[in-house]
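In our numbering, the protein residues as written are 126 to 258.
Ideal Cβ placement from N, Cα and C applies to all residues, glycine included.
Below you'll find the structure, written out as structure tokens, and then a few comments.
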């Protein structure tokens, strides 16, 4: 897989997802990025969510509890060449400003034939020194 780049359409979609996540555009963007039957992790409860509405409700719950932030630090193909790994740094916005975690995490995306995200998984602790998860 060395030297292979993330397909441009997938890169553009994921970059836009991370741009709008912490904004009011988030809900409107869901149908443009997530498949109707998307399989998504609920990290807070350790379960899987199925479908756009469950993901929207999960995000609403997160924003009701605080203002989560996620900064994209890089993208690369997953080892199978099909998925895309986004290296991200989680954070939180509060009255004192934006606070960022020391460690990065990896979000691993799978896509359907229509180019929408069909599945996302979270890997704790990015491997290696290269940003991108």
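Cβ separation of residue i and residue j, assumed to be a contact under 8 Å, to the nearest whole Å
i	j	result
residue 161	residue 135	Contact doesn't hold; Cβ gap of about 18 Å is too wide.
residue 226	residue 218	Residue 226 to residue 218, Cβ: 13 Å. No contact.
residue 129	residue 240	At roughly 18 Å, the Cβ-Cβ gap does not stay under 8 Å, so residue 129 and residue 240 are not in contact.
residue 145	residue 181	Wrong, their Cβ atoms sit about 13 Å apart, outside the cutoff.
residue 166	residue 247	5 Å
Any chain B beta carbon closer than 8 Å to residue i
i	result
residue 236	The displayed structure is made up of one protein chain only, and chain B is not part of it.
From the options, residue whose alpha carbon lies closest to that of residue i
i	options	result
residue 216	149, 205 and 194	194
residue 237	168, 148, 164 and 183	164
residue 119	146, 235 and 214	Residue 119 lies beyond the stretch modelled for the chain, which goes from 126 to 258, so this question has no answer here.
residue 231	199, 153, 207 and 219	199
residue 204	233, 183 and 220	233
residue 147	175, 243, 185 and 137	185
residue 220	143, 170 and 191	191
residue 337	188, 248 and 249	The requested residue 337 does not occur in the structure, where the chain is confined to residues 126 to 258.
residue 244	183, 175 and 151	175
Start-to-end residues for the alpha helix (DSSP H) that takes in residue i
i	result
residue 155	151-158
residue 178	177-190
Burial state of residue i (16 or more Cβ within 10 Å)
i	result
residue 212	buried
residue 229	buried
residue 210	buried
residue 168	exposed
residue 173	exposed
residue 201	buried
residue 197	buried
residue 159	buried
residue 139	buried
residue 222	exposed
Residue range of the beta strand (DSSP E) that includes residue i
i	result
residue 146	It is not in any beta strand (DSSP E) - residue 146 carries neither H nor E in the DSSP assignment.
residue 214	209-219
residue 222	222-225
residue 243	242-249
residue 130	Counting along the chain, residue 130 falls outside any beta strand (DSSP E), and DSSP gives it neither H nor E.
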